[in-house]
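UniProt numbering applies: residue 1 is where the sequence shown begins, and numbers increase by one.
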Amino acid sequence: MFHTVKLSNTLFSAEYDLGVLPECWWGICGCWSVMAFVDVDVVVVIHVVILPVGAVVHEYWFQKITEIITYKVLAMTSVSPPSKRSRKDDQIEDIPIESSHPKRYPLVVFAHGAGANSSSEWMKRWKDMMGKALLAVDVVTFDYPYLSGGKKGAPPKAEKLVDFHLGIVKEAAAKYPGHPLVLAGKSMGSRVSCMVAATGDINISAVICLGYPLKGSNASKRQETLLQLPVPTIFVQGSKDALCSLDKLTAVCRKMETVSELHVVDGGDHSFKIGKKHLNLIGSTQEAAEEEAVKSITKFVREVLGEL
């Protein structure tokens, strides 16, 4: 089941596929149009077609489409961005960002974990989810040298990866000057992201830690990294993550000098995977749990950027 959003005016025409719907039920189908008077010279007509016939979309997706239309109209007409108040409920969609576009769209640099490089299915899925949810101008992924070019080496100490990681961040930031910079990382990549942010060599707006590995032979150093972090940070952790005690992480968050937030994936392991029995017990799905995590990330980043 697909949404097709068509937008057109005298200067621009395009069609966007929003992808397969995760939730729907059968009922009466619909096709509707919106005429938006963006200014005295431009009239934009938006046609939203729900396919196939017979599908009614969950109210969440109607809200999503409405919000997408707002951004598409802005992109088509090059009008000024809406105020912070009117942007309160920005949601998910890929939007091509031109150099003349408002600078509120963040640039995300996303680092992989110790055992799998940036081409893993987990990394590609989370790159896509975060990029859409944050309306990112780009989500830059990369491979640390020990896994680049098909290598399968053992990871070095996280401290030895900081300079390489920082170089990637600076290179990415140079391509998108003026955009807020957000660092994200999976497990070890989140540790190194925190270390890069703590260097103070480049202005970082926020850090997203996906499965921060608080446990380890150097657990005290892993905690100290967080306590020295000057950048607002959100942690997404599985409640059954063997590499991080939620009680200890909560205690560390309370001691952090910067703004921090913890989102717990109920029943999730180090990669947020939830067992089928637990999913049945809580009456949820893996996809729904990950969507909730992404919503928390989006809300946190937008608050940090002053959009809420």
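Note that beta-carbon positions come from the ideal geometry of N, C-alpha and C, so glycine has one too.
Keep in mind the model is a prediction, meaning the values are calculated, not measured.
task: Return the residue from the list 176, 211, 221, 166 that minimises the CA-CA distance to residue 200.
output: Closest by C-alpha distance to residue 200, out of 176, 211, 221, 166, is 166.
Under 8 Å between C-beta atoms of residue 304 and residue 232: Yes, the Cβ-Cβ distance between residue 304 and residue 232 is below 8 Å.
- prompt: Hey, residue 249 and residue 270 are a contact pair by Cβ (cut 8 Å); roughly how many whole angstroms apart?
  reply: Not really, about 13 Å apart at Cβ, beyond 8 Å.
task: Use the C-beta contact count for residue 133: other C-beta atoms within 10 angstroms, 16 or more gives buried, fewer gives exposed.
output: Around the CB of residue 133, 16 or more other CB atoms lie within 10 Å, so the residue is classed as buried.
field: Inter-residue Cα distance where the pair is residue 154 and residue 146
entry: Within the model, the alpha-carbon separation for residue 154 versus residue 146 is close to 7 Å.
- prompt: Looking at residue 202 and residue 229, is the spacing between their C-beta atoms short of 8 Å?
  reply: Going by C-beta atoms, residue 229 is not nearer than 8 Å to residue 202.
- prompt: For residue 185, which beta-bridge partners are listed by DSSP?
  reply: In DSSP, residue 185 forms a bridge with 111, 209.
field: Unbroken stretches of the alpha helix (DSSP H), 4 residues or longer, contained in the region 139 to 188
entry: Taking only runs of at least 4 residues, the alpha helix (DSSP H) segments lying wholly in the region 139 to 188 are 162 to 175.
query: Cβ of residue 236 within 8 Å of Cβ of residue 278?
result: No Cβ-Cβ contact shorter than 8 Å links residue 236 with residue 278.
Inter-residue CB distance, residue 214 and residue 223 (contact presumed, cutoff 8 Å): Confirmed, Cβ separation roughly 7 Å.
query: Grouping DSSP H, G and I as helix and E and B as strand, with all else coil, what is residue 284?
result: The answer is coil: DSSP assigns residue 284 none of H, G, I, E or B.
message: Checking the sheet assignment: what are the DSSP bridge partners for residue 217?
response: Looking at the DSSP assignment, residue 217 forms no beta bridge with any residue, so it has no partner.
query: In chain order, what residues of the same chain lie with their CB nearer than 8 Å to the CB of residue 394, ignoring the 5 residues before and after it?
result: With the chain covering 1 to 308 only, the question about residue 394 has no answer from this structure.
query: Where does residue 262 fall in DSSP's three states?
result: It is a strand residue.
Cβ-Cβ separation, residue 143 to residue 117 (assumed contact under 8 Å), whole Å: Your pair residue 117 and residue 143 checks out as a contact, with CB atoms roughly 5 Å apart and the cut at 8 Å.
query: Is the Cβ-Cβ distance between residue 267 and residue 275 less than 8 Å?
result: Yes, the pair counts as a contact, with Cβ atoms nearer than the cut-off.
task: Report the partner residues of residue 234 according to the DSSP bridge assignment.
output: Note: residue 234 is bridge-paired with 208, 261 in the DSSP secondary-structure output.
field: Same chain, Cβ closer than 8 Å to residue 246, five either side skipped, listed in chain order
entry: Contacts found: 237, 239, 262, 264.
Exposure label - residue 127; buried when at least 16 CB within 10 Å: Residue 127 comes out buried.
message: Can you find the residues in the same chain that come closer than 6 Å, C-beta to C-beta, to residue 109, ignoring five residues on each side of it along the sequence?
response: Only 140, 169, 172, 183 meet the Cβ criterion.
query: Where does residue 268 fall in DSSP's three states?
result: In this structure, residue 268 counts as strand in the three-state DSSP scheme.
message: Less than 8 Å between the beta carbons of residue 123 and residue 297, yes or no?
response: Cβ atoms of residue 123 and residue 297: not closer than 8 Å.
- prompt: By how many angstroms is the C-alpha of residue 136 removed from the C-alpha of residue 61?
  reply: Reliability of the predicted coordinates at residue 61 is poor, the pLDDT of 47 falling under 50, and no value is obtained from them.
query: Does any residue of chain B bring its CB to less than 8 Å from the CB of residue 158?
result: Chain labels in this structure do not include chain B; a single protein chain is all it has.
message: Less than 7 Å separating the Cβ of residue 272 from some heavy atom of the ligand FMN?
response: In terms of ligand content, the structure shown is empty, and the ligand FMN therefore cannot be addressed.
Per DSSP, cross-strand counterpart(s) of residue 274: In the DSSP assignment, residue 274 is bridged to 268.
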